[in-house]
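Below: the structure, in structure tokens.
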Amino acid sequence: MSPPRKSKPRRPARPAAASRRTSPQRALAARIDRLESIEEIRMLVAKYSLSLDMRDVDAHVNLFAADIRVGRERTGRAHLKRWVDAMLREQFTGTSHHIGGHIIEFTDKDHAHGVVYSKNEHETGTEWVIMQMLYWDDYERIDGRWYFRRRLPCYWYATDLNRPPVGERKMRWPGREPYEGSWHDLWPSWKAFWANPPAGEPEVAPPAPLGQFLTRMRRGAPDPKIRVR
């Protein structure tokens, strides 16, 4: 009687391609995704200005999430289109929105927030109104594309080109009473600066962690109530 044959050890199954990725490869893929997301969000802001100034309202509202909130009770791009169309048609002949600095920070891979400076010009009746403002933005990636979830506009001034808005209530639209534009209301540092003049050797707080510059500057402050016009 012949001795029993020894069974050959089975080779372990080869892992799928995704599971074969090393930790450095996964980290590199995540960094590339983050860079591509930053670029797409920056393009989103540029598309906002162009579509608004050229009055392509369909292109404009499609930059927002399909279930975008419009006012307190309405949602959807159709309601946003109605609001944008009325604003542009009734208040302005022409506009130009010049994008300035843009800071973007991520909550997770599909959600981000940012701040965008914007210098704007408006032809309104017989006056030429210039404006300095910023947007506090919330962005969301849905089905692989980035959209605006919300834009919160905060204004420093709006005034006729030939009338510098020195003093308080710098929002000075033609035919309307001047009002404040919430320019500093996002940032507690503004009031803290004026309330605490230096005394003795100044102290310097540690830098904000990477990716938390805006969060640190907001310091948990609530969103201000905004008056558009």
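Read in my numbering, the sequence shown has 127 at position 136, and its numbers run on one by one without any break.
Even for Gly, the Cβ is constructed at its ideal location relative to N, Cα and C.
Please read all numbers here as calculations on a predicted model, not as lab measurements.
In whole angstroms, what separates the C-alpha of residue i from that of residue j?
| i | j | result |
| --- | --- | --- |
| E112 | I90 | 12 Å |
| T66 | A56 | 10 Å |
| V157 | E171 | 12 Å |
| P169 | A196 | 37 Å |
| I95 | W127 | 10 Å |
| I117 | S40 | Looking at the sequence provided, one finds Thr at residue 117 rather than Ile. So the alpha carbons of these two residues sit roughly 23 Å apart. |
| H51 | L43 | 6 Å |
| D99 | P15 | 19 Å |
| T115 | Q82 | 6 Å |
| W178 | Y146 | 13 Å |
| M124 | W181 | 16 Å |
| T206 | H70 | 31 Å |
| E31 | G191 | 46 Å |
| N153 | E159 | 17 Å |
So, is residue i buried or exposed, given that buried needs 16 or more other C-beta atoms within 10 angstroms?
| i | result |
| --- | --- |
| G105 | buried |
| F139 | buried |
| W185 | exposed |
| A77 | exposed |
| R68 | buried |
| M34 | exposed |
| V219 | exposed |
| K216 | exposed |
| M162 | buried |
| T86 | buried |
Let me check one thing: in DSSP terms, what residues is residue i bridge-paired to?
| i | result |
| --- | --- |
| Q123 | K110, Y148 |
| S173 | Y146 |
| A103 | F97, Y130 |
| Y138 | E131 |
| F55 | F139 |
| R207 | According to DSSP, R207 bridges with nothing at all. |
| V61 | R65 |
| S87 | E112 |
| M162 | A149, Y170 |
Do residue j and residue i have their beta-carbon atoms positioned less than 8 Å apart in this structure?
| i | j | result |
| --- | --- | --- |
| W164 | V120 | yes |
| K72 | L54 | no |
| A103 | Y130 | yes |
| F97 | G202 | yes |
| L19 | R46 | no |
| D101 | R142 | no |
| H93 | V48 | no |
Count the CB pairs spanning the region 191 to 210 and the region 107 to 121 that are closer than 8 Å, and state whether there are at least three. no
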